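If you read the sequence shown in the working numbering, its first letter stands for residue -9, the second for the next number, and so on.
So the structure is just underneath, and the comments pick up after that.
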Amino acid sequence: MSSAASFGRLPVSGGSPSLASRRAARRWAATLRAEPAKWSIFVDGRLSPVASAKPFSNSSGAPSFSSLSSALSPASIRLTMSRHSSDDFFAPEPKGQQTFVDHVDTIEQRNARSTGFKGLIKDTRMLGIATMATLGGFLFGYDQGVVGNVLVLESFGADFPHIYMNASVKGWWVSTLLLAAWLGSLLSGPLTDRLGRKRTIQWVTIIFVLGAALQAGATNNGFLFGGRAVAGLAVGTLTMVVPPYIAELAPAHLRGSLVALQQLNITVGILLSYWIAYGTSHIGGTRCAPGVPYTGPVGADGNPTFDAYHDVPAGGCTGQSPASWRIPIALQILPAILLGIGMFWMPYSPRWLTEVGRDEEAKNTLAYLRSSTVEDPAVVHEFLEIKAEVLIERELRHAKTAGKGGIRGMIQPYLDLVSTRSNFHRLWIGCSTMFFQQFIGCNAIIYYAPTIFASLGLDPNTTSLLATGVYGVCNMVSTLPAVLLLDRLGRRKLLLAGSVGCFCSLVIVGSIVATCANDWAAHASAGRVAIVFVYLYDVNFSYSWGPLGWVLPAEIFNLATRSTGTSLTTSTTWMSNFVIGLVSPMMLQNIAHGGTYFFFAAFAVIGFISTYLFLPETRMKTLEEMDELFGMQRAQEYRDLERRIRAEVGLGKAGYAKNESKEQIV
């Protein structure tokens, strides 16, 4: 048996050792005295000449700074002390043979690294890449937010009265994008494997621009619905591609925070769309025809509402301009163009490059992402781990699809997801997380926030839009804790806490609506309390289910199933989103006594139970370690294949003790 001890970065050539170094040396000496055994020193990830000539032992006393200085010249080195027994020590390989890079990135080391805000600031390169890529999330969020605000504008109602006045048609217009996004996410898996995630992102931004332009310039229902369908194909593909793209680029200790930027950018998009729509709603005034009295159904405030069929003058609106709804829709073209152009400077995924045989480019990209060189042992080791996984999955895939052409060969990757307990477990977690993300109700509130706030007693033309803008601020600010704490606290804790918070908030809102909805004028204070708890609901959702719905599916699948797995999980969120977008206006209109809020609260409880029972903690795990975490059973044939390929690429042969768990101190 072998073990490892970590003593920090020690100055060994001249100068006085720092206080931290002296403390490290004392820990080193105490360990050697306490456990008689031979020790070897690894210097910057390689077996020290001192250790290879004569391993230190307790009988000769603890090594000193001076004894190290006589053999080592760098002013500062990375040390790993490795204990071993005499029968399992390997001498370094003879000169001319392959040198095994023995840097192993352990959980303990990753925990010692900076996470959250500090880690993101240290790794500005990855932060910049993730920020650019998650503009795809911004497009999704902007569309989510803008549609609800556009739907309540009287100028939009004057141009499209059938959508404005009919709750069912309104739901279908919102859901057209969601249904198309479901289709786009479901079909994009094979496309991303072929083109790579980078090129896929660029192509679909062109499609998105076309869809947004059709909506902004729409003159009839056909253009409006068609534009949302085209944009939906692009949005669905982007939400499927971006999270795994970031996950494949990110180091393990920052992966959660970087992928969570997807949700943060979604909330930024929602926030900007709310306030842009609020601002443009005043172009020409807030009413279609200021001099024409309302004749529509009585609203929550007891007054008649706008009737898009009867309250519009013959020549169209004399007040609020059509620009009030066309401008917010058209503005989403700008970030789409920025994303498409910006991706030219973004790297390909090293895992995809290795999969398509571009190994040298993969190594250079990995070195660039880690701000290091291709000779760095950490970079080489990470590349070899990726290479081994690619070769193993390739041989397994070839064995499964040999002689299977046509449809059978196309569906084999999807069959792999349900062929083993481990893969099905991951598929269940990914799909259920996306399902609960939608059925806890956040997007129902986002899509119809102005309608919801109006139903709680606020003025539908002004105050409800302002309250919606505040909701957008709350949504974005509440997502920041997930970005900063996700890799520190872990996934399970945030999901469990968020489920409890969402449940309590929804039950309180539902209870207030059940008792006060018939007369908000007499219960104005209760209406404002309900609005506060809508905000508190969003706080709890935004640090938990919101970001983790994107993080978990992006990180739990292995390379062979990642594209198809994320394709299915993302399609789950879009189908769930489609259902919510379609039925929410009818639920809010037809279900009495706050039943809609109790409905969503019930799913918060189910989500809590599912998380508690089925979700393992994925914090700090590399993508290559997920198989072990999910208990993937290895048949002897697989283990032999894995052992052979790892040896071929340079893993599993080392100039150090057998079965050793080493820690490289940074």
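Beta carbons are placed, not taken as given, at the ideal position from N, Cα and C, and that holds for glycine.
Just so you know, these numbers come straight off a predicted model, no measurement behind them.
Could you check if residue i is buried or exposed, using at least 16 other CB atoms within 10 Å of its CB as the buried criterion?
{"i": "I196", "result": "exposed"}
{"i": "D133", "result": "buried"}
{"i": "G179", "result": "buried"}
{"i": "F107", "result": "exposed"}
{"i": "I599", "result": "exposed"}
{"i": "A43", "result": "The pLDDT assigned to A43 is 36, lower than 50, so where the model puts this residue is not dependable, and the model offers no usable value."}
{"i": "T554", "result": "buried"}
{"i": "D528", "result": "buried"}
{"i": "L324", "result": "exposed"}
{"i": "W163", "result": "buried"}
{"i": "N210", "result": "exposed"}
{"i": "L405", "result": "exposed"}
{"i": "H371", "result": "buried"}
{"i": "R184", "result": "exposed"}
{"i": "N293", "result": "exposed"}
{"i": "R629", "result": "exposed"}
{"i": "S60", "result": "Bear in mind that a pLDDT of 40 at S60, under 50, signals an unreliable position, so the number given afterwards is only what the model happens to contain. By the neighbour-count rule (16 or more Cβ atoms within 10 Å), S60 is not buried but exposed."}
{"i": "T114", "result": "exposed"}
{"i": "V408", "result": "exposed"}
I need the straight-line Cα distance from residue i to residue j, nearest angstrom please.
{"i": "S314", "j": "C307", "result": "12 Å"}
{"i": "G286", "j": "I521", "result": "25 Å"}
{"i": "P234", "j": "Q253", "result": "14 Å"}
{"i": "T556", "j": "V369", "result": "27 Å"}
{"i": "V657", "j": "G332", "result": "A question about residue 657 goes unanswered here, because the residues of the chain that appear run from -9 up to 656."}
{"i": "Q169", "j": "F150", "result": "For clarity, residue 169 is Leu in the given sequence; the question names Gln instead. Roughly 21 Å between the two C-alpha positions."}
{"i": "L470", "j": "R634", "result": "45 Å"}
{"i": "T563", "j": "C278", "result": "37 Å"}
{"i": "A457", "j": "S515", "result": "15 Å"}
{"i": "L603", "j": "V282", "result": "59 Å"}
{"i": "L214", "j": "V140", "result": "12 Å"}
{"i": "N433", "j": "A439", "result": "9 Å"}
{"i": "L417", "j": "A504", "result": "38 Å"}
{"i": "P318", "j": "F146", "result": "12 Å"}
{"i": "W172", "j": "E365", "result": "43 Å"}
{"i": "E618", "j": "E351", "result": "28 Å"}
{"i": "L261", "j": "A326", "result": "17 Å"}
{"i": "L176", "j": "P403", "result": "13 Å"}
{"i": "V142", "j": "C506", "result": "24 Å"}
{"i": "S532", "j": "V232", "result": "19 Å"}
{"i": "R360", "j": "G259", "result": "29 Å"}
{"i": "R218", "j": "A202", "result": "7 Å"}
{"i": "A550", "j": "V380", "result": "8 Å"}
{"i": "I436", "j": "G138", "result": "7 Å"}
{"i": "G216", "j": "S454", "result": "29 Å"}
{"i": "G675", "j": "A242", "result": "With the chain covering only -9 through 656, there is no way to say anything about residue 675."}
{"i": "I382", "j": "G571", "result": "42 Å"}
{"i": "R552", "j": "Q192", "result": "20 Å"}
Report, in whole angstroms, the separation of the C-beta atoms of residue i and residue j, which I expect to be a contact under 8 Å.
{"i": "V194", "j": "T166", "result": "That pair is no contact at about 17 Å."}
{"i": "F426", "j": "I256", "result": "Not a contact, Cβ separation roughly 17 Å."}
{"i": "S566", "j": "F429", "result": "6 Å"}
{"i": "F590", "j": "L526", "result": "With a Cβ gap of about 14 Å, F590 and L526 do not count as contacting."}
{"i": "E385", "j": "L542", "result": "About 28 Å separates the two Cβ atoms, so there is no contact after all."}
Would you call the CB atoms of residue i and residue j closer than 9 Å?
{"i": "T560", "j": "M424", "result": "yes"}
{"i": "S422", "j": "S489", "result": "no"}
{"i": "L329", "j": "M122", "result": "yes"}
{"i": "L251", "j": "T363", "result": "no"}
{"i": "Y299", "j": "M466", "result": "no"}
{"i": "R482", "j": "T601", "result": "yes"}
{"i": "T190", "j": "G127", "result": "no"}
{"i": "G161", "j": "V573", "result": "yes"}
{"i": "T410", "j": "F373", "result": "no"}
{"i": "M616", "j": "N548", "result": "yes"}
{"i": "Q322", "j": "F523", "result": "no"}
{"i": "L538", "j": "L485", "result": "yes"}
{"i": "G186", "j": "W342", "result": "yes"}
{"i": "L641", "j": "E238", "result": "no"}
{"i": "P337", "j": "K188", "result": "yes"}
{"i": "N530", "j": "A592", "result": "no"}
{"i": "Y284", "j": "G459", "result": "no"}
{"i": "R245", "j": "E638", "result": "no"}
If we count Cβ pairs, one from each stretch, closer than 8 Å, do we get three or more for the segment 338 to 358 versus the segment 215 to 223?
no
Specify whether the segment 572 to 590 and the segment 499 to 511 touch according to this definition: at least 3 beta carbon pairs, one from each stretch, less than 8 Å apart.
yes
Could you check whether the segment 434 to 449 touches the segment 507 to 527, counting it as contact only if at least three pairs of C-beta atoms, one from each stretch, sit closer than 8 Å?
yes
Below 8 Å, can you find three or more Cβ-Cβ pairs linking the segment 273 to 282 to the segment 109 to 122?
no
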